[in-house]
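Peer 1: Numbering-wise (the working numbering), the sequence shown opens with residue 11 and increments by one.
Ideal Cβ placement from N, Cα and C applies to all residues, glycine included.
The structure that follows is given in the form of structure tokens.
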Amino acid sequence: MIQKTFEVNGEHSLDSILMEIRGMRGYDSASARLVQIYEPNTDKNFIQAMLNNVKSKLPECRVIGMTTLGPVKKENITQKNTVISVILFKESGFRISVYDCYSMDVSFAGRLFTQSLCLIDDLRGILVMSSCARLYPTDFIERINKDYPDIPIFGAQAGTEVLIDDRSKIFIDDMIYTRGIMAVCFYGKELSIRTDCNLGWRALGKEMTVTGIAREGFITSIDDQPAISIYKKYLDVVPDEYFFENVCAFPLLMKNGNMRLGRVPLDYTSDGRLQFSMTIEKNSKLMLSYSKPRYLLKKTLFYANEMSKFKPEAIMLYACMNRRVFMGNENADKEFNYYKAVNPETLTGCGYGEIYKSSDGGGILNSTIVAVGMREGAIPNDYEPVKVSDLEVESEDYSSIPIWERLVTFLEATTSELDEKIEKLNKLAERDQLTGIFNRRKLDGLISYELSKRRRDERLALMMIDIDYFKNVNDTYGHDMGDMVLKELTKCIMSTMRTGDTIGRWGGEEFIIIVPDTTSANAKIAAERIRRRVAETSFGLVGHVTISIGITSVKKDDTTESLFARVDKALYDAKNNGRNCVAIR
């Protein structure tokens, strides 16, 4: 694989660049040729003329690209010229799909695309680009990830010259799309792809809840207050012409899978709504965040060295303009230069948002830098990775620390201490003090959550367990022995449960087990196993005890109240049937 990247400027005209690409070593023998164009000019006629020229001079190449994001504030130094990068594959290949979302919605495009993936052998990664800031490719990405969770997805939402004037475009060969999604599938037996997703911001303050949303990426309220009010309350930032510049240093964080995702508003309305370049669901949990330039640079330096170990033959970077606004031009360029030290031909670009999805989570991102490395063949045994260094970032110089950095360190330490205390309080609030398992309040919340996220075809069963004649244990042996029985019985049940099942104490001698992805019939088999194990166990001086178990499964339109009422009736049936048995409702 060979990568070569060019910038169209006074020294290098487009025609001379195309001629140089045509004459590259390996061009004629390449198994596939991909030209990528990052274009800061959003004029459609200009882009069309350029594409026509590229296709006429390089007819053997496939061409993809996007418009890039211009400066968010006047001090930002951003890409001013057309950037063209070519990758020549020796043995591997790629397939390009594009969907015009004026004629179909994103979900349908995602279904069409994933259905076509079964025709591709040795799929290694998928590049996704989209145009139109109000076209949210989340459903497209989630659909791919659901069917192909081990295939990395990466890319960007195309940018525009002026942040609030969306003229973003993607292009494929000689076609331009102002509201489209493009997906490039890279495949090959010898092809390896490494992806890194680098955020670098850290959570700050309390967790907040999205309580109101509207179409086109709007959040209307957070914690039942106008969404924009969080910036005034916690940062003393008011909505004005400098709003984005003032909030970009404090992205909102939310979790997706095992990853934290950054969220920065694009715009606001007079009634206090915030608009984002992606949809955010109601009841999502958000936190403000903070960082230092040193944090971001250290992390990028680490990932650049990890990429070096991979021995990439091509590197693509998708970076958020927010990092440049926060760190300044010099530091933002450093991040790119770390990777260019590994591969001088690294291609970099900025759009409305970055795209990264893997088995760990992700989706549409802000404030992030996504790095993608590609290589054909194995790493040679004698390969020595390039060591990327930055003494200024790596050194721990405490001789002169700006006061704002000391204040950030103070906030970081106090926030960490507060988080630890909150975590301990949360555990106390959701755990039964005697047995250590979840309490009734936590169980109620878990069931509510399961019901809210459950799809129509998903199965969920519930068990309610009661210790038979437990009052006699307390009356005969005392409450201390009764407590011992409750604790040991909990251990006995947990040792018999499946991984993924959840147990909690409902109250007194009653327990609840949540059994996901299971029918009542299968749950009965598990319940009988638990019942037998308990009956066979001796509980010290008390000897043997038995349990009764009621089972039900979730039905359409169930609420937590109807579900618990039905499982309670099932338990009542088991008791009426003589106890020490299992009943289903």
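Applying the 10 Å Cβ sphere with the 16-neighbour rule, what's the burial state of Ile174?
Peer 2: On the sequence shown, residue 174 is found 164 positions in, with the first residue counted as 1. With fewer than 16 Cβ atoms within 10 Å of its Cβ, Ile174 is classed as exposed.
Peer 1: Buried or exposed for Glu49, please, with buried defined as at least 16 other CB atoms from any protein chain shown within 10 angstroms of its CB.
Peer 2: Taking the sequence shown and counting its residues from 1, one reaches residue 49 at position 39. Buried is the call here.
Peer 1: DSSP three-state label for Glu441, please.
Peer 2: As a first step, residue 441 is located in the sequence shown; it is residue number 431 there, counting from the start. Checking the displayed sequence, the identity of residue 441 turns out to be Arg instead of Glu. Of the three classes helix, strand and coil, the one that applies to Arg441 here is strand, per DSSP.
Peer 1: Check Phe2 in the structure and name its three-state DSSP category.
Peer 2: Past the edges of the chain, shown from 11 to 595, lies residue 2, and the structure says nothing about it.
Peer 1: Rounding to the nearest angstrom, what Cα-Cα distance links Gln46 and Ile379 in this structure?
Peer 2: Counted from its first residue, the sequence shown places residue 46 at position 36. Counted from its first residue, the sequence shown places residue 379 at position 369. When rounded, the distance between both Cα atoms is 18 Å.
Peer 1: Throw me the rounded Cβ distance for the Ile559 and Val592 pair, which I believe falls under 8 Å.
Peer 2: Sequence index remark: in the sequence shown, residue 559 carries index 549 (1-based). Sequence index remark: in the sequence shown, residue 592 carries index 582 (1-based). Contact holds; Cβ gap of about 5 Å.
Peer 1: Can you tell me the Cα-Cα spacing of Gly135 and Gly198, whole angstroms?
Peer 2: Indexing the sequence shown from 1 puts residue 135 at position 125. Indexing the sequence shown from 1 puts residue 198 at position 188. In a straight line, the C-alpha of Gly135 is about 10 Å away from that of Gly198.
Peer 1: Under a Cβ-count criterion, where at least 16 other Cβ atoms within 10 Å of its own Cβ denotes burial, should Asp478 be classed as buried or exposed?
Peer 2: Position 468 of the sequence shown, counted from the start, is the residue given in the question as residue 478. Buried, since its Cβ has 16 or more Cβ neighbours within 10 Å.
Peer 1: Cβ of Tyr187 within 8 Å of Cβ of Ser141?
Peer 2: Working through the sequence shown from its first residue, we reach residue 187 at position 177. Working through the sequence shown from its first residue, we reach residue 141 at position 131. Yes, Cβ-Cβ distance for Tyr187 and Ser141 is below 8 Å.
Peer 1: Secondary structure at Gly80, three-state DSSP: helix, strand or coil?
Peer 2: Sequence index remark: in the sequence shown, residue 80 carries index 70 (1-based). Looking at Gly80 - three-state DSSP - the assignment turns out to be coil, as it is neither helix nor strand.
Peer 1: Fully enclosed by the segment 328-366, which beta strand (DSSP E) runs are 3 residues long or longer?
Peer 2: With a minimum length of 3 residues, the continuous beta strand (DSSP E) runs that stay inside the segment 328-366 are 357-359.
Peer 1: Quick one: any contact between the segment 479-499 and the segment 547-556, if contact means 3 or more CB pairs under 8 Å?
Peer 2: Short answer: they touch.
Peer 1: For Val544, count neighbouring C-beta atoms within 10 Å of its own C-beta (all shown protein chains included) and say buried if the count is 16 or more, exposed if not.
Peer 2: In the sequence shown, the residue the question calls residue 544 occupies position 534. Buried, by the Cβ-count rule.
Peer 1: What are the start and end residues of the alpha helix (DSSP H) that includes Gly120?
Peer 2: Here residue 120 refers to the residue found at position 110 of the sequence shown. Gly120 -> alpha helix (DSSP H) spans Val116 to Ser126.
Peer 1: Just checking my contact of Met602 with Gly372 at CB under 8 Å: how many whole Å lie between their CB atoms?
Peer 2: This structure does not reach residue 602, given that the chain is present from 11 up to 595, and the question cannot be answered.
Peer 1: Thinking C-beta only, is Met317 closer than 8 Å to Gly383?
Peer 2: What you label residue 383 is simply residue 373 of the sequence shown in a count that begins at 1. What you label residue 317 is simply residue 307 of the sequence shown in a count that begins at 1. Yes. Within cutoff.
Peer 1: Out of Phe320, Glu340 and Thr425, point me to the one whose CA is closest to Ala381's CA.
Peer 2: Walking along the sequence shown from the start, residue 381 turns up at place 371. The residue with the shortest Cα to Cα distance from Ala381 is Phe320.
Peer 1: Using alpha carbons as the reference points, say which of Leu284, Phe312, Tyr300 and Thr528 lies closest to Leu417.
Peer 2: By one-based count along the sequence shown, residue 417 stands at place 407. That would be Tyr300, whose Cα lies nearest to the Cα of Leu417.
Peer 1: By the 10 Å Cβ neighbour count, where 16 or more other Cβ atoms means buried, how is Met474 classified, buried or exposed?
Peer 2: As a position in the sequence shown, residue 474 is number 464, starting the count at 1. Met474 should be labelled buried.
Peer 1: List the DSSP bridge partners of Arg105.
Peer 2: Start at 1 with the first residue of the sequence shown, and residue 105 comes out as number 95. For Arg105, which the question treats as bridged, DSSP gives the partners Cys195.
Peer 1: Enumerate, from N- to C-terminal direction, the unbroken alpha helix (DSSP H) stretches of 4 or more residues contained entirely within the segment 172-254.
Peer 2: For the segment 172-254, whole alpha helix (DSSP H) runs of length 4 or above, ordered along the chain, are 239-245.
Peer 1: Short check: CB of Gly210 to CB of Leu276, under 8 Å?
Peer 2: As a first step, residue 210 must be located in the sequence shown, where it is residue number 200. As a first step, residue 276 must be located in the sequence shown, where it is residue number 266. No. Outside cutoff.
Peer 1: Which of helix, strand or coil does DSSP assign to Thr562?
Peer 2: In the sequence shown, counting from the first residue as 1, residue 562 sits at position 552. Thr562: strand per DSSP, three-state reduction.
Peer 1: Mapping the DSSP letters down to three states, classify Asn391 as helix, strand or coil.
Peer 2: On the sequence shown, position 381 is the one that residue 391 refers to. In the structure shown, Asn391 sits in coil (DSSP, three-state: anything other than H, G, I, E or B).
Peer 1: List the endpoints of the continuous alpha helix (DSSP H) containing Asp476.
Peer 2: Within the sequence shown, the letter at position 466 stands for residue 476. No alpha helix (DSSP H) contains Asp476, which is instead part of the beta strand (DSSP E) from Leu470 to Ile477.
Peer 1: Can at least three beta-carbon pairs, one atom from the segment 321-328 and one from the segment 250-267, be found at a separation below 8 Å?
Peer 2: Result no; under three Cβ-Cβ pairs closer than 8 Å.
Peer 1: Can you tell me which residues form a DSSP beta bridge with Lys579?
Peer 2: Within the sequence shown, the letter at position 569 stands for residue 579. Lys579 is not bridged to any residue.
Peer 1: Could you please give me the residues that DSSP links to Lys265 through a beta bridge?
Peer 2: Walking along the sequence shown from the start, residue 265 turns up at place 255. Arg270, per the DSSP bridge assignment.
Peer 1: For Val396, which residues in the same chain have their Cβ closer than 7 Å to its Cβ, ignoring the five residues on either side in sequence?
Peer 2: Residue mapping note: residue 396 aligns to position 386 of the sequence shown, counting from 1. For Val396, where only same-chain residues beyond five positions count, the Cβ hits under 7 Å are Ser318, Ala351 and Val352.
Peer 1: So, with DSSP's three-state summary, where would you put Met507?
Peer 2: On the sequence shown, residue 507 is found 497 positions in, with the first residue counted as 1. Residue state, collapsed to three classes: coil.
Peer 1: Write down every uninterrupted run of the beta strand (DSSP E) in the segment 44-94 whose length is 3 residues or greater and which is fully enclosed by it, in chain order.
Peer 2: Listed in chain order, they are 72-77.
Peer 1: Check whether the Cβ atoms of Ile163 and Ile151 sit closer than 8 Å, and answer yes or no.
Peer 2: Within the sequence shown, the letter at position 153 stands for residue 163. Within the sequence shown, the letter at position 141 stands for residue 151. The answer is yes: Cβ separation under 8 Å.
Peer 1: If you check the beta carbons only, do Asn91 and Glu17 fall under 8 Å apart?
Peer 2: Within the sequence shown, residue 91 is the residue found at index 81, counting from 1. Within the sequence shown, residue 17 is the residue found at index 7, counting from 1. Against a cut-off of 8 Å, the Cβ pair of Glu17 and Asn91 comes out as a contact.
Peer 1: On the DSSP letters alone, give me the boundaries of the alpha helix (DSSP H) that Val403 sits inside.
Peer 2: The residue given as residue 403 occupies position 393 in the sequence shown. Its alpha helix (DSSP H) spans residues Leu401 to Glu404.
Peer 1: Are Ser287 and Ile374 touching if we call contact CB-CB under 8 Å?
Peer 2: Stepping through the sequence shown from its first residue, residue 287 is reached at position 277. Stepping through the sequence shown from its first residue, residue 374 is reached at position 364. In contact: Ser287 and Ile374 (Cβ atoms closer than 8 Å).
Peer 1: Beta-carbon separation of Met264 and Ile240 under 8 Å?
Peer 2: Numbered from its first residue, the sequence shown carries residue 264 at position 254. Numbered from its first residue, the sequence shown carries residue 240 at position 230. Cβ distance not < 8 Å, so Met264 and Ile240 don't count as in contact.
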